[in-house]
Amino acid sequence: MATSAPNDMSAMLDVAIAAARAAGAHMKSQLNTSRVEKTKSSKDDLVTIVDKQCQDLVFDTIKNTFPSHEFLGEEDVAPGSEASVRALQDLVSKEWLWIVDPIDGTTNFVHHRPASVVSVACAHLGEVVVGVIYDPYRDELFTAQKDKGTCLNGQLTHVSQEASMSEALVGFGIGTKDSVRLPMLDFARELSAKCRGLRLQGAAAIELAWTAVGRQSAFYELDLNSWDIGAGALLVKEAGGQVTNSDGTAFSLNIRNIVASNNKGDIHSSMIKLIAKADAVHDHVNTWFFMCGPLAVNVFLLGLSLNLYVYKQNKLAFDQVFAMRPDEVPTAHGVFRTAIFLLVVQFFMFNAEIAQRGDAFGIDETRMEMLLLGYVCVAVSLLLCPLNVLHYKFRMFVVRKIARCLWPFQNFSLKLPTHATPFIEVFIADGMTSLSKFIQDLSVALMLLVMSLNTEPNDLKKSYLSKLKESPLPYFAASTPYIIRATQCLISFRRTTSVNDRFLHLLNTIKYCSSLLVISVGAYPMLTGIARPEHNSFFLLCAVFNSLYSFLWDVVMDWGLGQPKLPRRVAFLRHQLTYRPRKIYYLIIVVDFALRIIWVTKWWDWMHRGVHFKLFSQIAEVVRRIIWNFVRVEWQCIKLDILSSKKLLADSLEVEGMIEKVPLTGENEDDLFEDAKTRMRTLNRPSAENSTKTSSTFGQSSSIGSELHLKEKKNGDNAVVGLGGKGHRNEMITIASYYGKPEAILVSKW
10 MATSAPNDMS AMLDVAIAAA RAAGAHMKSQ LNTSRVEKTK SSKDDLVTIV DKQCQDLVFD
70 TIKNTFPSHE FLGEEDVAPG SEASVRALQD LVSKEWLWIV DPIDGTTNFV HHRPASVVSV
130 ACAHLGEVVV GVIYDPYRDE LFTAQKDKGT CLNGQLTHVS QEASMSEALV GFGIGTKDSV
190 RLPMLDFARE LSAKCRGLRL QGAAAIELAW TAVGRQSAFY ELDLNSWDIG AGALLVKEAG
250 GQVTNSDGTA FSLNIRNIVA SNNKGDIHSS MIKLIAKADA VHDHVNTWFF MCGPLAVNVF
310 LLGLSLNLYV YKQNKLAFDQ VFAMRPDEVP TAHGVFRTAI FLLVVQFFMF NAEIAQRGDA
370 FGIDETRMEM LLLGYVCVAV SLLLCPLNVL HYKFRMFVVR KIARCLWPFQ NFSLKLPTHA
430 TPFIEVFIAD GMTSLSKFIQ DLSVALMLLV MSLNTEPNDL KKSYLSKLKE SPLPYFAAST
490 PYIIRATQCL ISFRRTTSVN DRFLHLLNTI KYCSSLLVIS VGAYPMLTGI ARPEHNSFFL
550 LCAVFNSLYS FLWDVVMDWG LGQPKLPRRV AFLRHQLTYR PRKIYYLIIV VDFALRIIWV
610 TKWWDWMHRG VHFKLFSQIA EVVRRIIWNF VRVEWQCIKL DILSSKKLLA DSLEVEGMIE
670 KVPLTGENED DLFEDAKTRM RTLNRPSAEN STKTSSTFGQ SSSIGSELHL KEKKNGDNAV
730 VGLGGKGHRN EMITIASYYG KPEAILVSKW
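Here it is in structure tokens:
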């Protein structure tokens, strides 16, 4: 075909018709032999070899006549809505742009359903001036040229004449994403009670073409691309219909939610109202997004106050485990009051935002990151307050330990510390891993604040809606707690001499590296826009491995449970159990397993399930961490032999009473008492600096509950403990028995 003038719209229409017919004929010939070559943004976003072949036919036909024009085809654009938006932005301002969907309705085509079409549009400076849709199975050619009407097979046609919603037949699209399907189903539920009927063809171009020629009264679908709607929108407008965005604003190639109608009576306005009522728009404003993290932190603080209360009630020497000085020990009441104060701050900030925005609340998310940043400023101010109030010594203790977690090296160098990581730093860093999503949200808030200063409003709105999931920085921020813990494990690995302990620290490092792998594999689809992570089998494999690995580590290493060859009453637990009833440990194990599984889903794209899923997953992990704290500190106390003397086992106390009743000789009491003291073991308390050694998790300490403090009672001729004199035969009486560690003391037998 000869080259035509670049602005000859009649020639453009002719070449568009020729291109659409050529591609349509090829598509029809391949209907029964088509197969899926790959998927794009989801399991329903399909690509076949025929798609590319049809697009090449269209482009080649048009280029022969208009070689200077630009081209935008679906098969040349990366997967995902964001990629489609970027591709259009790069080309929409061109003088002449051809926009082509070689097969609209690929899913129908793959399943051999004759319900797919070729869509070809030409835009001049962003405005569509020529549109052609060809249905090869019915041999129907829908054409439109700006200001010259719409034709079906060369005959002028018009939209339908229904003037009320009760008479309207409405078409709609279900989309290829869950984020689209759910609001569309809400809309369909609302609409079904108002209109005459609903129809779904599975191809937006067909729906728009049929609306233009009067076969249905209206059409609505979410998250469409420019090649889906370019030609069809012109057909509807030139046939006398109306096309707008889902909020009623004017149509442009940039919109992604389209409403088309016959523009008669109240049909179009009723559609807009029903869409708003059903909240059936893709651009959901998540007003709770920036409040999920602060709420999780507040619950975490409430849980810590409960931890402290239970430790004190059960006489657990947590202050020694954490290597705290007496003036640094917090109170449960103080931590509880701090948590309540921050909850009140969060409540008032959120309600003040509602009052300030008024009717705009829930519509525009701009600057809502200030809620999160304001909360963080208040919390940090409380923590760093230089006044000697609000338990100043404890706050400074926490600040020092957090600083050590963030920079575990010596001073300002990269030189490793001289000792293994102290338990308090491990405890804090583990808590930070449960707040990793809060850290990620904080990074998103900071980035949005910076972007709001120098970004175009449209681009900024998209960033607020996507929460920057296409940026790698928030994922790196979420990874920092796991990087910190892995670093701590490697430091302990280097500074531990025991081969067994070094191996265990290495295994622990692998656990945290597996968490980093889950984050990375989960982030990759978000960054590339190809598919959701939970649809990726490798992601699921990594997630299952990390969940099971972490769960087993919790039970065996962090809690010292799951020990073999135990009596039935403590089966699969351990000999020394502080909390009562003992069955609570089994419940803790079950809950930890369930919440470990839930926590992995935090790396799924929460937008497909709503902000409430995000909130639930964060709170669930915080609750798991609170439960974990109870048993972790208890086990650390047991390993270090620093349980309070009131926590001695009941059988030890009973035997002590038995010994006091044994008749003892009165001669040489002082010498005998000194001799008895030399036979007793002294309490060995390892320092808190070395408290992260892991090897002790495989065996109970030999001194727990077995230290009987002998006291001389010089009241008359009685003594608490004595040894037989010369000629007496000494025998051994077992006073406390533990697995593999019987404890005994010599007493005199008459």
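Last residue of the sequence shown: number 759 in my numbering, and the count goes up by one each step with no gaps.
For each residue, glycine too, the CB sits at the ideal point set by N, CA and C.
Report the option in N271, I519, I500 and A153 whose CA atom is closest to the CA atom of D23.
Residue numbering aside, residue 23 sits at position 14 when the sequence shown is read from its first letter. For D23, the nearest C-alpha among the options comes from A153.
Taking all protein chains shown into account, do 16 or more other C-beta atoms lie within 10 angstroms of the C-beta of C63, making it buried, or fewer, making it exposed?
Along the sequence shown, read from residue 1 onward, the residue named residue 63 stands at position 54. Looking at its Cβ environment, which holds 16 or more other Cβ atoms inside 10 Å, C63 is buried.
Determine the DSSP secondary structure at Q419, reduced to helix, strand or coil.
Locating residue 419 in the sequence shown gives position 410, counting from the first residue. Note: Q419 maps to coil in three-state DSSP.
Residue from S278, F151 and F298 with nearest C-alpha to Y473:
Position 464 of the sequence shown, counted from the start, is the residue given in the question as residue 473. Among S278, F151 and F298, the Cα nearest to that of Y473 belongs to F298.
May I ask you to report which of helix, strand or coil DSSP gives D144?
Numbered from its first residue, the sequence shown carries residue 144 at position 135. In this structure, D144 counts as strand in the three-state DSSP scheme.
Among S523, W562, K321 and V139, whose alpha-carbon lies nearest the alpha-carbon of V338?
Looking up residue 338 in the sequence shown gives position 329. Closest option to V338, Cα to Cα, is K321.
A364 classed as buried or exposed, judged by whether at least 16 other C-beta atoms fall within 10 angstroms
On the sequence shown, residue 364 is found 355 positions in, with the first residue counted as 1. Under this definition A364 is an exposed residue.
Per-residue DSSP class, three states only, for P490:
Taking the sequence shown and counting its residues from 1, one reaches residue 490 at position 481. DSSP places P490 in helix when its eight states are reduced to three.
As an exercise, report each continuous alpha helix (DSSP H) stretch of at least 4 residues that is fully enclosed by the stretch 59-112, in chain order.
90-100
Tell whether a beta-carbon distance below 7 Å holds between A240 and A130.
The sequence position of residue 240 within the sequence shown is 231, counting from 1. The sequence position of residue 130 within the sequence shown is 121, counting from 1. In contact: A240 and A130 (Cβ atoms closer than 7 Å).
Along the chain, which unbroken stretches of the alpha helix (DSSP H) at least 4 residues long are found entirely within the stretch 393-444?
401-415 and 432-443
How many Å lie between E663 and V344 at the Cα?
Residue mapping note: residue 663 aligns to position 654 of the sequence shown, counting from 1. Residue mapping note: residue 344 aligns to position 335 of the sequence shown, counting from 1. Any reading at E663 must be qualified, since the residue scores a pLDDT of 47, below 50, and its modelled position is unreliable; no value is offered.
DSSP three-state assignment for N16, whether helix, strand or coil
One-based indexing of the sequence shown puts residue 16 at position 7. The answer is coil: DSSP assigns N16 none of H, G, I, E or B.
Taking the straight line between their C-alpha atoms, what separation do you get for V600 and D195?
Translated into the one-based positions of the sequence shown, residue 600 becomes position 591. Translated into the one-based positions of the sequence shown, residue 195 becomes position 186. Each residue's Cα considered, the two are about 34 Å apart.
If we ignore side chains and look at the alpha-carbon of each, how far apart do F118 and G184 end up?
Start at 1 with the first residue of the sequence shown, and residue 118 comes out as number 109. Start at 1 with the first residue of the sequence shown, and residue 184 comes out as number 175. Rounded to the nearest angstrom, the two C-alpha atoms are 16 Å apart.
Go ahead and pull the three-state DSSP assignment for R633.
By 1-based counting over the sequence shown, the position of residue 633 is 624. Of the three classes helix, strand and coil, the one that applies to R633 here is helix, per DSSP.
Going by DSSP in three states, E149 sits in which element: helix, strand or coil?
As a first step, residue 149 must be located in the sequence shown, where it is residue number 140. If DSSP states are grouped into helix, strand and coil, E149 belongs with the strands.
Which residues mark the beginning and the end of the beta strand (DSSP E) in which A229 is found?
In the sequence shown, counting from the first residue as 1, residue 229 sits at position 220. The amino acid at residue 229 is misidentified as Ala; the sequence shows Tyr. First-last of the beta strand (DSSP E) with Y229: A227 to E230.
Nearest to T442 by alpha carbon, out of V642, L561, I58 and T489?
The residue you call residue 442 lines up with position 433 of the sequence shown. Checking every option, the nearest Cα to that of T442 belongs to T489.
K282 versus L624: straight-line alpha-carbon distance, rounded
Walking along the sequence shown from the start, residue 282 turns up at place 273. Walking along the sequence shown from the start, residue 624 turns up at place 615. Spanning the two alpha carbons is a distance of roughly 30 Å.
Given that a residue counts as buried once 16 or more other Cβ atoms are within 10 Å of its Cβ, and exposed if not, what is D726?
On the sequence shown, residue 726 is found 717 positions in, with the first residue counted as 1. With a pLDDT of 41 at D726, under the threshold of 50, the predicted position of this residue should be treated as unreliable, though the coordinate-derived value follows. Exposed, because fewer than 16 other Cβ atoms sit within 10 Å of the Cβ of D726.
Here's the rule I'm using: 16 or more other beta-carbon atoms within 10 Å means buried, otherwise exposed. How should F68 be labelled?
Counted from its first residue, the sequence shown places residue 68 at position 59. When all chains shown are included, F68 counts as buried.
For L396 and V407, which I take to be in contact (beta-carbon distance under 8 Å), what is that distance rounded to the nearest angstrom?
Here residue 396 refers to the residue found at position 387 of the sequence shown. Here residue 407 refers to the residue found at position 398 of the sequence shown. Not a contact, Cβ separation roughly 16 Å.
Can you tell me whether Q419 is buried or exposed? The criterion is at least 16 other CB atoms within 10 Å of its CB, across all chains shown.
Within the sequence shown, residue 419 is the residue found at index 410, counting from 1. Exposed, because fewer than 16 other Cβ atoms sit within 10 Å of the Cβ of Q419.
Which of helix, strand or coil DSSP assigns to E136
Position 127 of the sequence shown holds residue 136. The answer is strand: DSSP assigns E136 an E or B state.
Given a cut-off of 7 Å, decide if T70 and A5 are closer than it, judged by their beta-carbon atoms.
Outside the shown range of the chain (10 to 759) lies residue 5, about which nothing can therefore be said.
Which same chain residues end up closer than 8 Å to I628 when comparing Cβ atoms and leaving out the 5 residues on each side of it in sequence?
If you number the sequence shown from 1, residue 628 lands on position 619. Taken in chain order, the residues that qualify are L304, A305 and V308.
Could you pull out every unbroken beta strand (DSSP E) segment of at least 3 residues lying fully inside the stretch 243-330, listed in chain order?
251-254 and 267-270
Just to confirm my understanding: we take G749, look at its own chain, exclude 5 residues before and 5 after, and list those with CB closer than 6 Å. What are they?
Within the sequence shown, numbered from 1, the residue matching residue 749 stands at position 740. Its pLDDT being 43, under 50, G749 is placed unreliably by the model, and the measurement read from it follows with that caveat. Same-chain partners within the cutoff: there are none.
Do three or more CB pairs link the stretch 132-143 to the stretch 93-112 at distances below 8 Å?
yes
Can you tell me where the alpha helix (DSSP H) with T340 in it begins and where it stops?
Stepping through the sequence shown from its first residue, residue 340 is reached at position 331. Premise fails: T340 is in no alpha helix (DSSP H) and is neither H nor E.
Taking only three categories from DSSP, how would you classify C522?
Translated into the one-based positions of the sequence shown, residue 522 becomes position 513. Looking at C522 - three-state DSSP - the assignment turns out to be helix.
F625 - DSSP class collapsed to helix/strand/coil
By 1-based counting over the sequence shown, the position of residue 625 is 616. Helix.
To the nearest angstrom, how far is the alpha carbon of R6 from that of Y491?
Because the chain spans 10 through 759 in this model, residue 6 falls outside it and cannot be assessed.
From the DSSP secondary-structure annotation, give me the bridge partner or partners of R208.
One-based indexing of the sequence shown puts residue 208 at position 199. Looking at the DSSP assignment, R208 forms a beta bridge with G180.
Selection from N509, T159 and L458 that minimises the alpha carbon distance to G383:
Within the sequence shown, residue 383 is the residue found at index 374, counting from 1. Residue L458 is the option with its Cα nearest to G383.
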